[in-house]
Amino acid sequence: MGYIIIITGFLLVLIGLWGILSQKNLIKIILGFTIFDTGINVVMVSIGYVKGKTAPILDIISAKDALKSVVDPVPQALVLTSIVIGLGVSALMLVYAIKLHHDKKSLDINNFKDLKW
Amino acid sequence: MVTPIYIVAVILGLAFLLGILKSSMTRLGSILMIGGLVFITFVSGQWLYEFLVNHRATDIIYTAGFLPPYAINLQMGLNEAILTTMINIVGLLGGIYLLDSLKKTGINSMAIFIVFVMSLNVIVMTRDIFNLFVFLEISSIATGGLILLDNKRKAFQAGMKYIIATGIISNFLLIGIIFSYYFASSLNIDGLIAANLMSIKGGAIALFTIYVSIILELKPFPANGWGIDVYTASNPGISALISAGSATAALFVAYKLMPMGGSFWLPYFAIIGAITFIGSNLMGTRQENPNRLLGYSSIGQVGLILMIIGLSPYLGKDTLLIGFSILISHYAAKAGLFWLSGIIKSKNIQGWSALRKHPYLLFLFGTFIFALIGFPPFPSFFGKWNLIMALAAHGQYAWMTAILAGSFTEAIYLFKWLGYSIKLEVPEDITIKFEWNKYLPIYLMGILLYFMGMYLAPFTEGGVYINFLPLAFVFLLFALDFLPVYVKNTLSIAGIIWYMVRLFPLLEHDLMREIFAGIFLGGAVLTLVAGYAKKGKRPGFYPMALLMFSGLVGLIEANTLLEFFFSWELMTAGSYFLIIRGKRSMPHGYSYMLFSIGGAYAILFGLALAYASGLNISLAALGHITQLTTLAYTLLAVGFMTKTASLGLHIWLPGAHGEAESDVSPMVSAILLKAGVFGLMLLFFYMGTGTPGSEKLLYVLGWVGALTALSGNLGAVFQEDAKRLLAYSSIGQLGYILFSITMMTQLGWLAGFTYTINHFMFKAILFLVIGGIVVKLGTHNMYEMGGMIKKMPYSFVAVLISIIVIGGIPPLSGFAGKWLLYNAVIQKGWYFQGVVVFFAGVIAFLYLFKLIHSVFLGQLKDNHRNMKEISAWILIPSYILIIGIMVFSAFPQWVLKPIGNMLTVYFPKSLYWQGTRAFTSLGYWDGTTTMIVVVTAFTLLLGWLVIASKKVKRIGQFNIVYAAERPYRPETTHVSYNIYAGYKKALGFLVTPVVETFWENVSDMVLDFSGWLRRIYSGNMQNYALHVVLFIVVFYLIALGGL
Amino acid sequence: MIVAIAIVLSVLTLVGAFMTIHSKKLSIAVISSGLVSLTASILFLLLAAPDVALTEASIGSGLTTIIFFYALNKIRQNHD
Amino acid sequence: MDYSITKFLWTLLGLFIVTNWGMLMSSTIRRIGARVSGRIGIPWYQPWVDLTKLYSLKSQVSHGTMFYLGPVFRLMGGVGLFLFLPMIFGSWHWSNYSFSGDLVLILYFQLFGMLGMALGAGEGGHPYSTIGVSRGLAQFTTIEVPMTLAVISIAIQYHTLSISQIVAAQQGGFFTWTVWTNPFATGAAMLSLLGAFGHSPFNLIQAPNEIPIGPPTEYHGVFLGFLRTNNAILHVAEAALFMNLFFGGATNWIELIVKTFLIYFWSVFVGMVFPRFRIEQSVRWFLKIPTLLGILAIVIFL
Amino acid sequence: MIKKILIIGLLAGVGLIFFNLLQVYHVPTELNNKLGAYYAENAATQVGAANIISAIVVTYRGFDTLGEVTILFLAASIISFVLKVRKEDIVSDRFTSPNSEILIYSSQIIVPVIFLVGIYIFINGHLTPGGGFQGGAVIASGVLLMMLANPSMKVSHNLVAFVESISGIAFVVLGVLGLVLAGGFLDNRFLPLGEFGTMLSAGALPLIYIFIGLKVGAELSNIIGTISYNQNEKNS
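Chains as they are written, first to last, in this note's numbering: chain A, 398 to 514; chain B, 23 to 1065; chain C, 12 to 91; chain D, 9 to 310; chain E, -5 to 230.
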């Protein structure tokens, strides 16, 4: 199962990247990013997965045999942070998109080339 | 001691507190912001002090009360203290600078600002890789916000590009982090280092994703379009912070993470750094927008430092010093430049000429530019020096070439820019208004650069010997720049004389240095005397002149390779400013600088090879070059030849000397060119004839010298501009000198010395007098002059004597050179070169006649009827030099005998003296007798004429068979306009500007290439994202494709 | 069994992701991306990560989607 | 180094002889020239008559100091050439002040007079004198190329630049003259001599038949006298120089007179045969055949 | 078209990287990662929290969490100053669409419940799944609902800002207290660890998590509020 999910995660990353690199609509690109983020998160959590073990919460199992019965808590802790960061970044991008649209009345990425060379 | 965790706590507390404040309380907000920045600067500064003064051991700060790797820890060592202090200082100064903008945008932006600075601190200090990721995210989100400070359309686009790119990068970083954790069971950097990921299967890929992300954070070429747009579009204050602060932090991250991968990744770092350094600077050459230009430059500099990190195996313990030296220069200069751009607010670099009205700002601008290029006394000079030396010591010539090539491309645009700002007309639409909060940070950065230069000098091998005394004097003069000319002039002369008195006893038994010291310093005094003729204040003249002379005297005093190069660069800088003072000298000053820098890099390369041959920093190392011996000597020679303006490298000279101010021309022609001669002589002394390849090199250089003489003189023949004519003449004369000393015989060298001394004297006279006349008549064109002998008899005599010397006509001292040269050529067997040289010598006669005739003889022009003699202050030094010429002519043995004796140490003796009579195995010559005979005969003949023609009637100007010359539209009818038309028909093909065309094509090619290259920056953010991914994939395939 | 659920969810996630990128209408795309987060959060549960699942569900599929809609709404208003 | 009065007087005597011989030579040559073209020509004493007339002219005008000094420089050039040249081989009396310097000194001292003349004429303010001077200088530069090559060739051949020693090396008889031992150098030098004497085809400098210009028209009276005197000295001295270098020198005055006459006549002879060159033609010409000869003269010693 | 092919090639390249990573990845059957094992073994005794993840997030890696909160803070700040409403941009009498009565009234009942749930989640963060972030998100969704029900309602900016700031400052102050009173910045053990598994256990951890929850809730509300508020901004 770990394999399946980690592969799913990687595929999500690729789909997200595809969206970022190929879509012309800014909103789509940002959605690509959320997919990208989700994929990364799935991969990270899969890394901490240990076959047949439970969540690292000790009110279910006693503290003594925690070591034998829980999955790795560290990636999960990291993913928590990552999800929140992803939200912040997405929100920021959306605000940018709003502003850019406000400016040019378009979401086409090819319209924002005022800066070059 | 305040633990650095308070940097985080206090700033976040303040940031959150700022959120409560009402939007109208901007004043309180800004006080809190500045207070917070002052506090963190204090904290980091305090640690820096502890490390530097009390040599405290590195401190580890634990969070959460657990040891790493279980909890996050920070580290505060010397490196961290230095970098956080740097970041906080630029943060504080940037905060002060941005006060207005931040107030306008609101309190939120202040909070973002301080959080940004804080995040950079943590990035530097943290030892946990995921924590690093979090704070990198904070810094990039804060950057994304701060870009919008000006609420401009372009800023939003740039911000979007930035966020997209960093978004991709940080996700890849996360993949790297999680897999590192998976493979190495640690998130702590030290733990990851200990785990040695490279030895774990798959660890290399994890490392790759981490490294590629960190490198991408550094905006490597070409995946950096987003970074450049940020520099371009954001408020200059923010760009300064990004360039000086973020880049610093990100570079340290690369350095910090470097040990994780071991030596496998370092070459890639170096290659990427080199590509970035060169590519980015190359693109800068076509850039006109100042902020974008600075962006290119920033990225280039970061590439250089990344390269240094990558090359650390070769640099050993010096890595940090070198990296820091270059970093601090980049840091201060780039921050200062961005801040300046915020004051000037010009859309293109031409607009920076607004600085002309603000000399102190202009001075700072120059300081920043010179610091970026790596001129002394700035830290980057020492950094580059150490870098090149260390690389040479390990035989890494390709890297050296890359670094120098990149630096050169950087110089191309930076000096174009500096030239514009010094010379272009002040634009009317740009006004610079004084705001203390914008001026102060710039000044402080300028001061920091000088301070750090002095501070870092002793850390370089041989750096303790550098004599900063002359530089201090230069600064004194700069400080006294408000005084009138005569005070500063007197002060300068007094200073130089004092230095001479101090210097000469130290030079005993070293005749060569004494002669050159005499030329440099004596010439300095004489040419400065002419400065009394100037009125007003001459802002900036004296510091720059003295800067050049300090460099020159430093060359004399140098005992080590470092001192020599240090002085060489000082001299170049000073002379650049002197040359560019002329009215129309901008393009010439520019090409002078480019040739000088190219030459300096050739010299640097050669010196590095010398150093590498025996790890010996003393100047004597030039005598024992074992690494690439021939190349080393060739490079050194070429380097020096850029200063002597030898054929192929001469195109800068006519304009530079011709357009310079009237008393600057003699300085740069009579005196400065001798620096190249000094270098060549020194080089040949050490090289000798025994070293492999030296015979061939000398042979080629001999031909170059001969052809230089020919082309220089021919060029002069067809000039209509008096000063350019003299400038071409200098090229020719320096060709003789090069030719003479390449013969490597006693006679050849004697001839070389004779030419050197003579050229010093007569070219000083000529440029002084002709320069004075040009100023007086208000034209350079000889065809607008004429008949001046009546108005300026003293000038005429001075010029007459000078041209007799140039022509080599007995009995004056010019003949000594010719005679020695004849003997030397026949003795050496270089007959054909010799013929070319003698042919050139006769051609000299053509331009000399043209000069003296067009200016002094012929018909007096109507508008010059009320002319008076030129200022006595110009004539006095000229006549002092004439006395010198006379003494040298009548008693050549006084000079040539000691020189000959000195030379016998190096060459077999071939010139003998018998009283006043010199003889060689071929011929003989008696200067004193010749003088006596000629003077006697001349007096007798004159007496006869006086007796025979008692009643000579002076007649009027037009009392001749007058025809065809019209005083108006003078060039159409002035008889000496295009006087050598027939000669041109016959031999004009020899002066086809082949060399000029060649260099033009080279520069066109560079510019075209740069224009083609920068098409990748299409402005489309998606393409930039594509570049980022492309970079990752290509890097992966190259580095790990075989896995 | 659990593997089968994982496979189904994975396929759902991927289809959602694909829809997000390729749907013509932005609103459908946004909803699809919310769906991706939702299925992903169930995947997290399967991986014994209830904390992450909770976060992903509330933040990833909840808040993010809402913010997207607000943004779309604003853009539409702008467009008129 | 002999600065004695005796030496001075002997030199003065030599100078007197040379001057007179120069004048005689020029009148003779002009007569020959006239006869060749079917005229009678001037009487042999004509130069003395001219000179006397010039020196006794009462009214002289000057354009200024340099104009005044020009003839002095010019004459000094000729006299100097004479002074530094040993006239008669092996004779202390007629070696003049040649101990001052060797061949190089003489080569460069030629310029002294040219410069003075150029400047003097320049101050006259007449455009044509400037044109004349510029042409002269232009032509002179290329004349020097074969000459330099020849001199270097000789220096290689005899390992010396001292004229006395060069002459000494040719004292073995007719066939030890340089003209036989080093024909290329001689050829180059003799061709450049044509230019140095400024006869046709290289007389565009003075262009006597076309425009009334140049120093001869600007100067008159004593000034012109100086110039005429100089011409006389210079022609002999230059011919003597070539004689010393290529034709075995002279051990007595007769030999000197014969040889200098023949050398001088060579230039006149060529002038009668060839038409005048334009300046760019002559400039190029000297860089062709004479230079080639000069190069050959050196190549044979390589 | 060329670009598409290039992108596909690039994705194939990225896929190659992932494939290579997968080749060395295997699903472990034992928790043999040293760091993870250490936390599993010692989190309960050292920190006193039943939820090991909370222990890691708030204590062991509390510094990260501080950064995370800062990121949200930054995002909120940036959004608010980018979408700053200038007085002249506001249409004075805004057109407000009437909402369904059901929505308005049900929201009045549901919103307090949602708030309670959110608070519950972060108060029990050290014991059960969930914590400050999740709770904060739930609170923010409550705010959202309020706005849906009444579009003209202005989220009291001052209140939100106040909560946000005070909780942020409290977070920092608690961290500093840990530094002063216990082993290091953000050390939760300056309060007694208490009895394992109860509400008042794990030292200052619950306290910190509460403030995190409040802060995240306030920040998210702020973001939503700013974006939605500007829905009504006049088009210029």
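Heads up, the beta-carbon is just placed ideally off N, CA and C, and yes, glycines get one too.
Check	Outcome
The stretch 646 to 664 of chain B contacting the stretch 622 to 637 of chain B, beta-carbon criterion three pairs below 8 Å	yes
Given residue 975/B as reference, the closest of 203/D, 285/D, 67/D once Cα atoms are compared	67/D
Beta-carbon gap between residue 1060/B and residue 194/B smaller than 8 Å	no
The stretch 569 to 577 of chain B touching the stretch 407 to 426 of chain B, judged by at least three CB pairs closer than 8 Å	no
Simplified DSSP assignment, three categories, for residue 251/B	helix
Nearest-angstrom Cβ-Cβ length linking residue 583/B and residue 669/B, presumed shorter than 8 Å	That belief does not hold up - the Cβ atoms of residue 583/B and residue 669/B are roughly 28 Å apart, past 8 Å.
Rounded C-alpha distance that separates residue 968/B from residue 98/D	37 Å
Between the CA atoms of residue 294/B and residue 61/C - distance to the nearest angstrom	43 Å
Length of the line joining the Cα atoms of residue 230/E and residue 222/E	The pLDDT assigned to residue 230/E is 38, lower than 50, so where the model puts this residue is not dependable; a value taken from the coordinates is nonetheless given after this. The straight-line gap from Cα to Cα measures roughly 17 Å.
Alpha helix (DSSP H) segments (min. 4 residues) lying fully within the stretch 880 to 912 of chain B	894 to 912
Own chain partners of residue 320/B with C-beta closer than 7 Å, once the 5 adjacent residues on each side are dropped	253, 265, 269, 356
Positions along the stretch 419 to 438 of chain A whose CB lies within less than 8 Å of some CB in chain E	419
CB contact check: residue 159/B to chain A, cutoff 8 Å	yes
Bridge partners - residue 98/B, DSSP secondary structure assignment	81/B
Cβ pair residue 735/B, residue 921/B closer than 8 Å	no
Residue-level contact to chain A via CB, residue 1046/B, 8 Å cutoff	no
Rounded straight-line distance, which links the Cα of residue 149/D to that of residue 289/D	13 Å
Closer than 7 Å at the beta carbon, the chain E residues around residue 416/A	Those within 7 Å of residue 416/A in chain E number zero; the least Cβ separation is about 10 Å.
Within-8 Å CB hit, residue 37/C to chain A	yes
Residue 170/D (DSSP reduced to helix, strand or coil)	coil
DSSP bridge partner residues for residue 939/B (one or two, in chain order)	936/B, 948/B
Residue 515/B to residue 781/B span [Cα, whole Å]	22 Å
Cβ-based burial, residue 32/B [other Cβ within 10 Å; buried from 16]	buried
Under 8 Å from the C-beta of residue 152/D: neighbouring residues of chain B	860, 861, 864
Cα-Cα separation between residue 140/B and residue 30/B, rounded to whole angstroms	6 Å
Candidates 888/B, 928/B, 805/B, of which the one nearest residue 876/B by Cα	805/B
Beta bridge counterpart(s) of residue 454/A as assigned by DSSP	45/E
Three-pair Cβ contact test at 8 Å for the stretch 70 to 84 of chain B versus the stretch 225 to 236 of chain B	no
Three-state class that DSSP yields for residue 68/B in the structure shown	helix
Contacts that residue 812/B makes with chain D (C-beta to C-beta distance below 8 Å)	72
Beta carbon proximity, residue 472/A to chain B, threshold 8 Å	yes
Backbone CA spacing between residue 215/E and residue 138/E [nearest angstrom]	7 Å
C-beta contact flag for residue 327/B and residue 350/B at 8 Å	no
Host beta strand (DSSP E) of residue 70/D (start-end)	68 to 70
Beta carbon proximity, residue 44/C to chain E, threshold 8 Å	no
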